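S.K.: Quick mapping for you: the protein sequence lines, in order, are chains A and F. The working numbering applies: residue 37 is where the first sequence begins, and numbers increase by one. The working numbering applies: residue 37 is where the second sequence begins, and numbers increase by one. C-beta atoms are modelled at their ideal positions from N, C-alpha and C, and glycine is treated no differently. No experiment lies behind these values; they were computed from the predicted model shown.
Number of protein chains: 2
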Amino acid sequence: MVDLATAAGVSLATVSRVLNGQPGASEATAARIWRAVDQLHYEVNHIAKSLRMGATHTVGVLVHDLANPFYPDFIKGVESAAHRAGLSVIVCSGAADESDSTSVMQRQLQMLISRRVDGLVMYGRLLSLAQVRRLLRSHIGVVVVEPPKRTPRGVRAVDIDFREGMEQVVDHLSSLGHRRIALIRQRWHEEWVARSRYRDFQDALAEHGLPYRKKWVGWVDDVNDTALGRAAMRRLLKRAGEFTAVVCHNDMMAIGAMQAAHDAGLRVPEDLSVVGIDDIFASSVVEPPLTTLALPRMEMGEVALNALREESETVRRAVVRPNLVVRGSTGPAGAA
Amino acid sequence: MVDLATAAGVSLATVSRVLNGQPGASEATAARIWRAVDQLHYEVNHIAKSLRMGATHTVGVLVHDLANPFYPDFIKGVESAAHRAGLSVIVCSGAADESDSTSVMQRQLQMLISRRVDGLVMYGRLLSLAQVRRLLRSHIGVVVVEPPKRTPRGVRAVDIDFREGMEQVVDHLSSLGHRRIALIRQRWHEEWVARSRYRDFQDALAEHGLPYRKKWVGWVDDVNDTALGRAAMRRLLKRAGEFTAVVCHNDMMAIGAMQAAHDAGLRVPEDLSVVGIDDIFASSVVEPPLTTLALPRMEMGEVALNALREESETVRRAVVRPNLVVRGSTGPAGAA
DNA sequence: CTGAAAGCGCTTACAG
DNA sequence: CTGAAAGCGCTTACAG
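If you want it as structure tokens, here you go:
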């Protein structure tokens, strides 16, 4: 910038004012400065600016595992909204290396703090209460999607309206004549979220006068590997015939469930209807294509980023609505 | 840091030296400082450090579209290697918003320069020659994966050894008795890369004494939408029976091709063998599972990042090897 | 073994 | 309308 000032024959203060579009500089001076900018290929030093201003215009995004087909769209949403607002995004993935995930998060956190990000968007319960408090104490805003039960006050949340989503799912199945619906659910899931999708599922069943049976529940320890969904479904199929449809924690589990049904010689949807949650790409190309409760991932990212920027104290909590995509994996009950 | 100095009763200079593990401070002084670090939850201000040191220890990654299932793994590889090296990563996706992609890239570029990243990793030809030169002029290292024909000197490259990869593909098909192999290729692809995978495919065919026929080539304008692969295959199937296998630009196209074959009442692999390139997740769950030339995406990211750090002038070019994954979409020729 | 001082590239009252 | 000066939080010769 000192080169600029020299070239334009003015002081640093004036250059700074013109570059930032502040009033009070003659046309002529401004023109000389802009000409110098072009000639010297000047690009402001954002580092110096950040130090001086005490704001980096940078936000961090923290997700469990970038490779999970769920997150890229979410991050895209965050990025898109961020760019619109002139912010940069540092993406941090927990499982970036395979070692102890807690210590990875710890390091990511320190990195983010020392880089003085203005805010942090994260998906789910990735940090401890103490860690979140530390961020808040450092005046770093925090918004979390699908927030855990306990969050320090000051944290903003983006919720998915599974109440209405599960309503759509059960409504769809019910209208196809399904009365006995199984569930593949993740063990300990309620440890992670404030309100679980399963509870909403049960509520929706109840509202339709349909039963929720423990014996029709398949449990999985992890929901990011189709093999586990397949195994859970295989166990559940000992009771094949007792139920006519199964709702799965997510699409990965649903794809696994379809494989298990196929292994057992059952046809989807004639013998069994299968519903997933997420709508990842693979769900549209499996056979049959999966009926699934689509989560608006991009939108979730945008909403999360905007919640971070929001000044008002009113936006403590934003809500996003899922949307049922009906494809080939669901059909009339007892069509076989 | 001034708080630290006060708390420990020493000068800033001493604090700095101890924090950075430099020699020449008494045990006792160091201990006092570290105690203060703990008490005050001190975290170094990386912004100030960057300004002073003239290095940000940050690298940018530029990809065409984050949502493309290809890139997340690549980015993960970059991140993983970066963290190991104590670097942060700013991820930039071209298609983050839908507007004119050139101007998006232009803005991303300015952002990266003004943030003074130490280096940039990008996939493919995302920037113009002039833009790349500008980076180099700003002393920002550049490495590009699948580099275009023309790159300014100083740019490092990561190549995929499609020569050997296509060798594996053709070898596999040939050993199954296929002699007439079709191809689905992207129009203008050679405008983007220094050496195209198609050329390697043709070489591999020639080496096996197999013909390359223009009439067995299906063209697509874009390779990230299965619908286009499906349409290309549909056109190609006017000549069904003339060829017994098809190799596709990538898995997206291959999945589309399988759909088209299915539409036409052909069975895969009995009537037609299909091979993709990439090995995205969906390829493992389509029916039949896709035989594909897997690209080591994570490794590519790691190699790219490391190439950036490499001091020596020798590593102008790194090479990564693909690996054929045989699944259900290929079978003996004429098995029908 | 330790400290005072300069400087990285900016912005912003404060004067003029 | 414009400039001189201080300061953001660090590091690093240079003295002692």
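Which parts of the stretch 281 to 351 of chain F are runs of the beta strand (DSSP E), unbroken and 3 residues or longer, counting only runs that do not cross its ends?
M.R.: List check, beta strand (DSSP E) in window: 281 to 284, 309 to 314, 327 to 330.
S.K.: Output the boundary residues of the beta strand (DSSP E) element that contains Gly155/F.
M.R.: From DSSP, the beta strand (DSSP E) with Gly155/F extends over 155 to 159.
S.K.: Which class does Ile196/F belong to by DSSP, given the choice of helix, strand or coil?
M.R.: Of the three classes helix, strand and coil, the one that applies to Ile196/F here is strand, per DSSP.
S.K.: Using a beta-carbon distance cut-off of less than 7 angstroms, what residues from the stretch 87 to 101 of chain F approach chain A?
M.R.: Residues passing the 7 angstroms Cβ filter: Leu87, Thr92.
S.K.: Using a C-beta cutoff of 9 angstroms, does Ala84/A count as contacting chain F?
M.R.: So yes, Ala84/A belongs to the interface.
S.K.: Are the beta-carbon atoms belonging to Ile176/A and Val153/A less than 9 angstroms from one another?
M.R.: Yes. Within cutoff.
S.K.: Using the Cβ count rule (16 or more neighbours within 10 Å means buried), how would you classify Lys1/A?
M.R.: What is shown of chain A runs 37 to 372, which leaves residue 1/A out entirely.
S.K.: Quick check on His100/A: buried or exposed, where buried means 16 or more other Cβ atoms within 10 Å of its Cβ?
M.R.: Buried, since its Cβ has 16 or more Cβ neighbours within 10 Å.
S.K.: Are the stretch 267 to 274 of chain A and the stretch 294 to 303 of chain A in contact at 8 angstroms, needing three or more beta carbon pairs?
M.R.: With a cut-off of 8 angstroms, the stretch 294 to 303 of chain A and the stretch 267 to 274 of chain A count as touching, because enough Cβ pairs lie within range.
S.K.: Return helix, strand or coil for Ile220/F, following the three-state DSSP convention.
M.R.: Three-state DSSP puts Ile220/F in a strand.
S.K.: Could you compute how far the alpha carbon of Gly364/A sits from the alpha carbon of Ala103/F?
M.R.: Distance between the alpha carbons of Gly364/A and Ala103/F: 24 angstroms.
S.K.: Tell me whether Arg169/F sits in a helix, a strand or coil according to DSSP, three-state version.
M.R.: Here Arg169/F sits in helix by DSSP.
S.K.: What in chain A is Cβ-close to Asp109/F, meaning under 7 angstroms?
M.R.: Those within 7 angstroms of Asp109/F in chain A are Ala103.
S.K.: Give me the residue from Ser174/A, Ala330/A, Pro183/A, Ser211/A with the minimum Cα distance to Asn81/F.
M.R.: It is Ser174/A.
S.K.: Are there 16 or more other CB atoms within 10 angstroms of the CB of Met89/A, so buried, or fewer, so exposed?
M.R.: With fewer than 16 other Cβ atoms within 10 Å, it is exposed.
S.K.: Considering Cα atoms alone, identify which of Val311/F, Pro108/F, Gly60/F, Ala64/F is closest to Ala44/F.
M.R.: Of the listed residues, the one whose Cα sits closest to Ala44/F is Ala64/F.
S.K.: Give me the Cα-Cα distance between Ala67/F and Gln167/A, rounded to the nearest whole angstrom.
M.R.: Straight-line Cα distance between these residues: approximately 25 angstroms.
S.K.: What are the complete alpha helix (DSSP H) segments, minimum 4 residues, inside the stretch 69 to 128 of chain A?
M.R.: You should have 82 to 89, 107 to 120.
S.K.: Identify, in the order they occur along the chain, each residue of the same chain with its Cβ nearer than 7 angstroms to the Cβ of Val194/F, setting aside the five sequence neighbours on each side.
M.R.: The residues are Val179, Val181, Met336, Val339, Ala340, Ala343, Ala354, Val356.
S.K.: Based on DSSP bridge pairs, tell me the residues matched to Leu29/F.
M.R.: The structure shown does not extend to residue 29/F, since chain F spans only 37 to 372, so no value can be given for it.
S.K.: Along the stretch 309 to 338 of chain A, what residues have a CB closer than 7 angstroms to any CB found in chain F?
M.R.: Of all residues in the stretch 309 to 338 of chain A, Phe317, Ala318, Val321, Val322, Glu323 have a Cβ within less than 7 angstroms of some Cβ in chain F.
S.K.: Give a yes or no on whether the C-beta atoms belonging to Ile83/F and Ser86/A are separated by under 9 angstroms.
M.R.: The answer is yes: Cβ separation under 9 angstroms.
S.K.: If I measure Cβ to Cβ from Ser309/F and keep anything under 8 angstroms in the same chain, skipping five residues before and after, which residues do I get?
M.R.: Counting only Cβ-Cβ distances below 8 angstroms, and skipping sequence neighbours, we find Leu209, Leu212, His214, Thr280, Ala281, Val282, Thr327, Ser365, Thr366, Gly367, Ala369.
S.K.: With a threshold of 6 angstroms on Cβ separation, who are the neighbours of Leu264/A within its own chain once the five nearest residues in sequence on each side are excluded?
M.R.: Once the five neighbours on either side are set aside, the close Cβ partners of Leu264/A are Val256, Asp258.
S.K.: On the three-state DSSP scale, how would you describe Val259/A?
M.R.: Three-state result, Val259/A: coil.
S.K.: Using a Cβ-Cβ cut-off of less than 7 angstroms, list which residues of the stretch 198 to 219 of chain F approach chain A; keep chain order.
M.R.: Residues: none.
S.K.: Kindly list the residues whose CB is nearer than 7 angstroms to the CB of Val229/F, restricted to its own chain and excluding five residues on each side of it in sequence; keep chain order.
M.R.: Answer for Val229/F: Glu182, Pro184, listed in chain order.
S.K.: Please name the residue in Met37/F, Thr94/F, Leu156/F, Leu98/F whose C-alpha comes closest to that of Asp74/F.
M.R.: Checking every option, the nearest Cα to that of Asp74/F belongs to Met37/F.
S.K.: Distance cutoff 9 angstroms, beta carbons only. Does Glu346/F sit that close to anything in chain A?
M.R.: Cβ-Cβ to chain A under 9 angstroms: no for Glu346/F.
S.K.: Please report the straight-line C-alpha distance between Ala61/F and Cys128/F, rounded to a whole angstrom.
M.R.: Rounded to the nearest angstrom, the two C-alpha atoms are 42 angstroms apart.
S.K.: Per DSSP, Phe373/F forms a beta bridge with which residues?
M.R.: It is not possible to answer for residue 373/F, since the shown part of chain F is limited to 37 through 372.
S.K.: I want to verify the contact list: residues of chain A whose CB lies under 8 angstroms from the CB of Ile176/F, in sequence order.
M.R.: The contacting residues do not exist; Ile176/F stays about 11 angstroms from chain A at best.
S.K.: Here's the rule: buried if 16 or more other CB atoms are within 10 angstroms of the residue's CB, otherwise exposed. What is Ser139/F?
M.R.: By the neighbour-count rule (16 or more Cβ atoms within 10 Å), Ser139/F is not buried but exposed.
S.K.: In the stretch 109 to 123 of chain F, which residues sit with their C-beta less than 8 angstroms from some C-beta in chain A, listed in chain order?
M.R.: Answer in chain order: Asp109, Ile111, Lys112, Glu115, Ser116, His119, Arg120.
S.K.: What's the gap between the Cα of Leu162/F and the Cα of Leu55/A?
M.R.: Leu162/F and Leu55/A: Cα-Cα distance of roughly 28 angstroms.
S.K.: Compare the C-beta of Ser137/A against all C-beta atoms of chain F and say whether one is closer than 9 angstroms.
M.R.: No, its Cβ sits nowhere closer than 9 angstroms to a Cβ of chain F.
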